[in-house]
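Pasting the structure below:
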């Protein structure tokens, strides 16, 4: 598949972020008070997210978020 | 892709050295991250810290000769919070002459620890290390981490994370270590 | 749209004024060994504007969801069960035909559709709460005319103190048995298979932020058309025809930044997807998680989605030239959508209540770049939900 300019941009941003992460001093396990917060989870409310994604999935041409995909539906 | 545009196909002997360099780099990154981690069989690094709710400082030297359980915890760490009441039961079931439990709190704000302990009081010593000097000297790689130290000051067991299933193992280890003499070889 | 933005701003201003002095801890139900969640939601599509044949009233879905999250074997395993039941009713876009001047007129399905969907999913996680864990998933979803069975596995592994690798794959087998197939000349029985593989890397950037970058590849094979959709192909009205294969590649970026002093966090998600049908899409989502003290939490979100049409999309073909593939399904056209939502939560002891609403507006003008053929059936919908969570020991 041909990579569009946007896809390349995404790759570039990810690469820069990786380099940035390597360059900074690592955050120690005992320094993660803020990162451990409920509101810092990737998906703080997975029940809500599942419902939301189902609505988008049935109305849009691209399917779902990243991660294990469930089956489809006969949604019109 | 044709042979000319692909440097690996043109010179296959380049692949292995490049992979090796990459593997070495990766290994060194991991090694740096874990450089200082205290392993089972090593001497437990000494420390002396202020206690929550008490005047005197407390450290490993003050409980020398006993089997010591050191737990690093913070009020923001969910498995740490889960473990505290369990450790309270453990401590209560063991004789104080043979066993000591030191909980090193690494909260940056003291009131966060106090608030948690007000709701879930514990009978064992809570030491304060907001700067994280002691976990640094132990090379902690995650929270919570706990160490079981024998009567001679040697780390005999290390626990990473907390699940209630670990408690039985821990109890057996303590019972075994308590029976060991303090100054035997 | 301007109205909902204004109310959102007002809410945010009110939220800022109520900021607590001390951070509020996670809800008690969130800390429990077992957590049960119930959600009721109503999804309502607005009636179609513009020239329509048939009932312009569209879809309405009432959903109930029950979710149980628990730990097994002294915390060595995590088990999550989810049961969903939905009741759907209304009419849906059938096909588009040109009027005398060649302008598109949307034809909606004549009879009101009544159906319900039941779904069950199970996720078993080995080592929940540890940094290296594996999750196994299985799900089953059944409607009168559609069955989907899916399995998946996902693994997360820290590479060093600041980097976590995640990867996995899933497979789904779907069976379609359209209703009234004989009457309307629909396919009687069809299947499709979907295989997905994905990988991600997450970095701790500093004490307050994390970033995740992921890629995903989806392969679909089988009957990928919608068996209910027709297409005005010259003088004929035929079942739509889509290719029997579709390959989709997607890239995802997720960023989380903590504003602990404000007792808040910012979530930013971006997704780019491109498939072998020529459809590309961008999704950008921003959410603000605000704790207000006393167990109150407020989460406003904004989402923008834009896609460009599939190569074989057209509302109709007046003079077809032997095209092999054609679909007038609005979901394959060029359009964009903007949605705003708000979720309010309140924790009281072991209970947590939640209420929320979302408004979704789609239009051709919201697509990136624009262009593409007419898409007359674009949907606007409103979702509202209420939930109750309880934490057991």
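Protein chains in written order, with my numbering: chain A, 1 to 76; chain B, 1001 to 1185; chain C, 2001 to 2393.
A virtual CB, placed ideally from N, CA and C, is assigned to each residue, including glycine.
Since the model is a prediction, treat every value here as computed from it, not as a measurement.
- Secondary structure note for residue 2259/C: its beta strand (DSSP E) is the uninterrupted segment 2245 to 2259.
- Within chain B, no residue has its CB atom less than 8 Å from the CB of residue 2291/C, the nearest being about 14 Å off.
- Taken atom to atom, the span from the alpha-carbon of residue 2143/C to that of residue 2361/C is near 27 Å.
- Relative to the Cα of residue 2226/C, the nearest Cα in the group 2061/C, 2332/C, 2279/C, 2281/C belongs to 2332/C.
- Restricting attention to alpha helix (DSSP H) runs no shorter than 4 residues, the segment 2207 to 2242 of chain C encloses none.
- Restricting attention to 2211/C, 2328/C, 2148/C, the CA atom closest to the CA of residue 2270/C is found in 2211/C.
- Here the segment 1095 to 1110 of chain B makes contact with the segment 1074 to 1086 of chain B; the two share three or more CB pairs at distances below 8 Å.
- Ranked by Cα distance from residue 1084/B, the first of 1116/B, 1135/B, 1158/B is 1116/B.
- Fewer than three beta-carbon pairs drawn from the segment 2351 to 2359 of chain C and the segment 2235 to 2255 of chain C are found closer than 8 Å, and the two stretches are therefore not classed as touching.
- Counting the other CB atoms within 10 Å of its CB gives residue 1174/B a total of 16 or more, which places it among the buried residues.
- Contact of residue 2258/C with chain A is assigned, a C-beta pair being separated by under 8 Å.
- Per the Cβ contact rule, the segment 1034 to 1054 of chain B is in contact with the segment 1142 to 1154 of chain B (3 or more Cβ pairs under 8 Å).
- Taking 8 Å as the upper bound for CB-CB distance, residue 1069/B and residue 1146/B are in contact here, some 6 Å apart.
- 1141, 1142: these are the residues of the segment 1129 to 1146 of chain B whose beta carbon lies less than 9 Å from some beta carbon of chain C, given in chain order.
- With 16 or more other CB atoms across the displayed protein chains lying within 10 angstroms of its CB, residue 2335/C is buried.
- Residues 2071, 2075, 2077, 2078 of the same chain have their beta carbon placed closer than 8 Å to that of residue 2128/C, with the five preceding and five following residues left out of the count.
- Secondary structure note for residue 50/A: its alpha helix (DSSP H) is the uninterrupted segment 46 to 59.
- When the five nearest sequence neighbours on each side are left out, the beta carbons in the same chain lying within less than 6 Å of the beta carbon of residue 2084/C are those of 2065, 2119, in order along the chain.
- Per the C-alpha coordinates, the member of 1171/B, 1133/B, 1129/B, 1057/B positioned closest to residue 1148/B is 1171/B.
- With respect to the 8 Å criterion, residue 2311/C and residue 2288/C are not classified as neighbours on the basis of their beta carbons.
- Residue pairing from DSSP leaves residue 1143/B without any beta-bridge partner.
- Counted as a single uninterrupted DSSP element, the alpha helix (DSSP H) harbouring residue 1168/B occupies residues 1166 to 1179.
- With respect to the C-alpha of residue 2184/C, the residue from 2125/C, 2240/C, 2217/C having the closest C-alpha is 2240/C.
- Contact note: residue 1047/B does not reach chain A at a C-beta cutoff of 7 Å; the least C-beta distance is about 14 Å.
- Residue 53/A does not reach chain C, its nearest Cβ partner there being about 11 Å away, counting only Cβ pairs nearer than 8 Å.
- Secondary structure of residue 2091/C (DSSP, three-state): coil.
- With contact defined as three or more Cβ pairs closer than 8 Å, the segment 35 to 43 of chain A and the segment 2202 to 2218 of chain C are in contact.
- Residue 2204/C is positioned such that its CB atom lies closer than 8 Å to that of residue 2162/C.
- Each residue's CA atom was taken as its position, placing residue 2140/C and residue 2223/C some 19 Å apart.
- Within the segment 1044 to 1072 of chain B, those residues whose Cβ lies closer than 8 Å to any Cβ of chain A are, in chain order, 1072.
- Only residues of its own chain outside the window of five on either side were considered, and among them 27 have a CB closer than 8 Å to the CB of residue 35/A, listed in chain order.
- In this chain, the alpha helix (DSSP H) harbouring residue 1116/B covers 1110 to 1119.
- For the pair residue 1086/B and residue 1119/B, the Cα-to-Cα distance works out to about 15 Å.
- With respect to residue 2091/C, residue 2055/C sits close: the two C-beta atoms are nearer than 8 Å.
- Residue 2307/C and residue 2364/C have their C-alpha atoms some 10 Å from each other.
- DSSP places residue 2262/C within a helical segment (H, G or I) once states are collapsed to three.
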